[in-house]
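One line per chain: the protein sequences are A and B, in this order.
When the first sequence is numbered by this note's numbering, its final residue is 114 and no position is left out of the sequence of numbers.
When the second sequence is numbered by this note's numbering, its final residue is 1109 and no position is left out of the sequence of numbers.
For glycine and all other residues, C-beta sits at the position ideal for the given N, C-alpha and C.
On a predicted model such as this, the values are computed, not experimentally measured, just so you know.
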Amino acid sequence: ETGVTQTPRHLVMGMTNKKSLKCEQHLGHNAMYWYKQSAKKPLELMFVYNFKEQTENNSVPSRFSPECPNSSHLFLHLHTLQPEDSALYLCASSQGGAGWETQYFGPGTRLLVL
Amino acid sequence: KNEVEQSPQNLTAQEGEFITINCSYSVGISALHWLQQHPGGGIVSLFMLSSGKKKHGRLIATINIQEKHSSLHITASHPRDSAVYICAAPFNNTDKLIFGTGTRLQVFP
């Protein structure tokens, strides 16, 4: 248990569906991250939120829409996804968002887009 | 070419063997992270180091900033060490981590 939970753990969706991924951290951290991990590729940073403000958008397509209502919760809203968006989506948190801080990862949501 | 390169990509070992995984990076960094990812996906942070060496149980991480190289060693390896080991570093004085492709380790009894 890392103190970061993600739901759902598995998700299958069609290209016309709308779904949301949820992340919650119980560590009192101020920074939260979304990462994408595709097969045979390194982890890719998608978004960073620091004190609820988005500080990084790593050229992510607009069909992925993040939301951070407070420092403990992070959502990733998905709509009109493509099959190539199938991947493991990982949420993480850290104390303040600095690159040298330890990040605590959730278990991930494995997404399949049909 | 990825800015963070790991070798080997795959590694198999017998229980008890000494394991070394290498990580090289192409630009200056302030710190380097070693992470462990078990089957099923969950990632755990093992080390963050900016110089020298750190040890935690059977795991040892070293870094040489001048040579832009870090190693992760596992002594007396055990089947439960089987996982993907990933190194990552923040580049160009940013907080954005760049990740290596990972080394898949399998330790057989």
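Rounded to the nearest angstrom, what separates residue i and residue j at their Cα positions?
i                  : j                  : result
Lys19 of chain A   : Glu101 of chain A  : 31 Å
Leu1059 of chain B : Phe1047 of chain B : 9 Å
Gln1014 of chain B : Cys68 of chain A   : 46 Å
Pro1089 of chain B : Leu114 of chain A  : For the record, residue 1089 of chain B in the displayed sequence is Ala; it is not Pro. In a straight line, the C-alpha of Ala1089 of chain B is about 34 Å away from that of Leu114 of chain A.
Ser1045 of chain B : His1033 of chain B : 7 Å
His79 of chain A   : Arg63 of chain A   : 5 Å
Asn1022 of chain B : Gly28 of chain A   : 33 Å
Tyr35 of chain A   : Phe47 of chain A   : 7 Å
Cys1087 of chain B : Ser1050 of chain B : 13 Å
Tyr89 of chain A   : Glu53 of chain A   : 20 Å
Ala87 of chain A   : Leu112 of chain A  : 7 Å
Pro83 of chain A   : Pro1039 of chain B : 23 Å
Ser129 of chain A  : Ala1076 of chain B : Residue 129 of chain A lies beyond the stretch modelled for chain A, which goes from 1 to 114, so this question has no answer here.
Asn17 of chain A   : Val1107 of chain B : 41 Å
Glu1 of chain A    : Thr109 of chain A  : 16 Å
Cys23 of chain A   : Ser1082 of chain B : 27 Å
Ala1031 of chain B : Gly99 of chain A   : 8 Å
Gln1037 of chain B : Tyr1085 of chain B : 6 Å
Phe51 of chain A   : Ile1063 of chain B : 32 Å
Ser72 of chain A   : Ile1098 of chain B : 24 Å
Asp85 of chain A   : Ala1061 of chain B : 34 Å
Asn1002 of chain B : Gly1100 of chain B : 7 Å
Indicate the three-state DSSP secondary structure (helix, strand or coil) for residue i in the structure shown.
i                  : result
Glu84 of chain A   : helix
Arg110 of chain A  : strand
Arg1058 of chain B : coil
Pro8 of chain A    : coil
Pro1039 of chain B : coil
Arg63 of chain A   : coil
Pro1113 of chain B : Because chain B spans 1001 through 1109 in this model, residue 1113 of chain B falls outside it and cannot be assessed.
Pro1079 of chain B : helix
Gln1113 of chain B : Missing from the structure shown is residue 1113 of chain B; chain B here goes from 1001 to 1109 and no further.
Leu43 of chain A   : coil
Ala1019 of chain B : It should be pointed out that residue 1019 of chain B corresponds to Ile in this sequence rather than to Ala. The answer is strand: DSSP assigns Ile1019 of chain B an E or B state.
Pro1050 of chain B : A small correction: the amino acid at residue 1050 of chain B is Ser; Pro does not occupy that position in the sequence shown. Reduced to three states, the DSSP call for Ser1050 of chain B is coil.
Met13 of chain A   : strand
Lys18 of chain A   : strand
Trp100 of chain A  : coil
What does residue i touch in chain A if you count any residue whose Cβ is under 9 Å from its own?
i                  : result
Ser1082 of chain B : Near Ser1082 of chain B there are no residues of chain A at all, since even the closest Cβ is about 18 Å away, more than 9 Å.
Lys1096 of chain B : Leu45, Val48, Glu56, Asn58, Gly99
Note down, in chain order, every chain E residue with its Cβ under 9 Å from the Cβ of residue i.
i               : result
Thr7 of chain A : Reference to chain E is not applicable here, since the protein chains of this structure are A and B.
Chain B partners of residue i, CB-CB under 8 Å?
i                 : result
Trp100 of chain A : Ser1030, Ala1031, Met1048, Ser1050, Pro1090
Pro107 of chain A : Gly1040, Gly1041, Gly1042
Gln103 of chain A : His1033, Ser1045, Leu1097
Leu90 of chain A  : Gly1041, Ile1043
Along chain A, which residues have their Cβ under 7 Å away from the Cβ of residue i?
i                  : result
Gly1100 of chain B : Pro42
Asn1022 of chain B : Near Asn1022 of chain B there are no residues of chain A at all, since even the closest Cβ is about 16 Å away, more than 7 Å.
Asn1010 of chain B : Near Asn1010 of chain B there are no residues of chain A at all, since even the closest Cβ is about 12 Å away, more than 7 Å.
In chain B, which residues lie less than 7 Å from residue i when you measure between Cβ atoms?
i                : result
Thr16 of chain A : Ordered by position in chain B, no residue passes the 7 Å Cβ test against Thr16 of chain A, which lies about 26 Å from the chain.
For this session: Evaluate contact between the region 32-49 of chain A and the region 1061-1074 of chain B, counting only Cβ atoms and requiring at least three cross-stretch pairs below 8 Å.
Result: Three or more Cβ pairs closer than 8 Å define a contact, and the region 32-49 of chain A falls short of that threshold against the region 1061-1074 of chain B.
Exercise. On the three-pair Cβ rule with 8 Å, is the region 51-59 of chain A touching the region 1009-1023 of chain B?
Worked result: no
Exercise. Using a Cβ cut-off of 8 Å, which residues of the region 1036-1047 of chain B contact any Cβ in chain A, in chain order?
Worked result: Gly1040, Gly1041, Gly1042, Ile1043, Val1044, Ser1045
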